[in-house]
């Protein structure tokens with residue numbers, strides 16, 4: 015995949031574009047991306063058009079996907095180009111038709127665009143999907159508008175998913191995303207306490223730009239080296255064994271005994287089991303962890 019962040023001399027040809035923020039790559043986003051992949055297979059240059067990290071902060075502080083996760087998911091789509099357009103003051107001032115003329119046509123030679131029905135563009139969000147269709151008809155490019163998908167009679171959107179994450183409703187999150195909420199990154203060294211108590215864990219840092227659900231213990235699915243495993247994970251600050259306030263994820267993988275320090279791990283949080291708590295001693299912690307393991311195995 016070609017990853018473009020510098021747009022001064024940007025000039026692509028014959029493009030099919032998915033337009034949006036793409037926070038979470040949820041089921042609605044996947045429809046747009048599948049359409050662009052179809053156009054790409056027909057000979058166009060497929061493009062995911064989104065915003066550079068600074069532009070991601072507009073309207074929301076934390077994100078379903080960290081920036082690194084967003085790039086990784088973009089690569090996994092098989093679409094040829096990820097364009098992270100810098101969100102500058104000049105860009106924000108563009109009127110809807112100027113955005114189409116200067117960027118979609120002028121820089122990207124657009125031939126087809128896929129958007130959601132709630133898409134807005136241009137200064138003060140003045141343009142909508144209907145206007146984009148009109149401009150496309152007038153200026154010679156196709157526009158495919160996708161209606162909102164629903165889950166439990168609510169429109170699927172990144173904002174709805176963020177609400178579910180913050181409340182710990184991971185089943186709803188999974189239903190909307192089409193996959194589990196994931197924390198991913200390299201395995202780092204911890205205190206190695208898990209090995210001393212017979213429950214070794216893989217430790218990961220949580221990216222600062224990532225929205226996290228309530229601290230606690232979760233039943234999880236783990237992806238490593240193209241293999242899939244299950245386990246439990248504690249998200250939080252480890253109050254029983256640490257005075258530090260750093261947020262991390264500790265995952266105990268069932269039936270797994272490999273040294274994976276430095277390896278890339280994806281952990282899907284599928285079910286909230288209990289809130290994080292501080293125990294009086296390690297014996298009490300171990301007893302509770304064993305109960306957590308038993309409950310997770312019943313659920314998974």
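Residue numbers (my numbering): 15 to 314. Backbone N, C-alpha and C fix where the C-beta goes; we use that ideal spot for every residue, glycine too.
*With a 10 Å radius around its C-beta and 16 neighbouring C-beta atoms as the bar for buried, classify residue 248 as buried or exposed.*
So residue 248 ends up on the buried side.
*When the Cα of residue 176 is compared with those of 307, 228, 47, which residue comes out closest?*
Residue 176 has its Cα closest to that of 228, out of 307, 228, 47.
*Quick one, which of 76, 56, 54 has its alpha-carbon nearest residue 222's?*
76
*Between the C-alpha atoms of residue 100 and residue 22, what's the straight-line distance to the nearest angstrom?*
10 angstroms
*Should the segment 112-121 be regarded as contacting the segment 78-96, the criterion being three or more beta carbon pairs within less than 8 angstroms?*
Using a C-beta cut-off of 8 angstroms, the segment 112-121 makes no contact with the segment 78-96, since fewer than three inter-stretch Cβ pairs fall below that distance.
*In the structure shown, what three-state DSSP assignment does residue 301 receive?*
Three-state DSSP puts residue 301 in a helix.
*So, residue 123 versus residue 29, is the Cβ gap smaller than 8 angstroms?*
yes
*Does the beta-carbon of residue 80 have 16 or more other beta-carbons within 10 angstroms, so that it is buried, or is it exposed?*
buried
*Coil, strand or helix - residue 221 by DSSP*: coil
_Determine whether the beta carbon atoms of residue 245 and residue 267 lie at a separation below 8 angstroms._
yes
*asked:* I need the straight-line Cα distance from residue 160 to residue 43, nearest angstrom please.
replied: 9 angstroms
*Kindly indicate which residue of 60, 130, 50 has the alpha-carbon position closest to the one of residue 26.*
60
*May I ask which residues mark the beginning and end of the beta strand (DSSP E) holding residue 245?*
241-250
_Collapsed DSSP secondary structure at residue 127 in the structure displayed_ = strand
_residue 268 - DSSP class collapsed to helix/strand/coil_ = Collapsing the DSSP output to three states places residue 268 in coil.
*Please check the pair residue 230 and residue 309, which I expect to be a contact at CB under 8 angstroms, by giving their CB distance rounded to whole angstroms.*
Their Cβ separation, rounded to whole angstroms, is 13 angstroms, which puts residue 230 and residue 309 out of contact at 8 angstroms.
*asked:* Let me confirm a value: residue 125 is counted as buried when at least 16 other C-beta atoms fall within 10 Å, else exposed. Which label applies?
replied: buried
*Enumerated in chain order, which unbroken segments of the beta strand (DSSP E) with a length of 3 residues or greater are wholly contained in the segment 159-229?*
195-200, 216-219
*For residue 157, which three-state DSSP category applies?*
strand
*How is residue 40 classed by DSSP in three states: helix, strand or coil?*
The answer is coil: DSSP assigns residue 40 none of H, G, I, E or B.
*For residue 165, which residues from the same chain have a beta carbon less than 6 angstroms from its beta carbon, with the 5 sequence-adjacent residues on both sides left out?*
189, 190
_Taking a contact to mean a Cβ-Cβ separation below 8 angstroms, would you say residue 65 touches residue 98 in this structure?_
yes
_In this structure, how does DSSP classify residue 287 when only helix, strand and coil are distinguished?_
strand
*DSSP state of residue 107, grouped into three classes?*
coil
_What does DSSP give as the partner residue(s) for residue 60 in the beta ladder?_
30
*Kindly indicate which residue of 39, 220, 297 has the alpha-carbon position closest to the one of residue 279.*
220
*Looking at residue 264 and residue 217, is the spacing between their C-beta atoms short of 8 angstroms?*
yes
_I believe residue 136 touches residue 108 by the beta-carbon criterion, under 8 angstroms. Please report the beta-carbon distance rounded to the nearest angstrom._
A Cβ-Cβ separation of about 6 angstroms places residue 136 in contact with residue 108 under the 8 angstroms criterion.
_Start-to-end residues for the beta strand (DSSP E) that takes in residue 95_ = Where residue 95 is concerned, the enclosing beta strand (DSSP E) stretches over 95-99.
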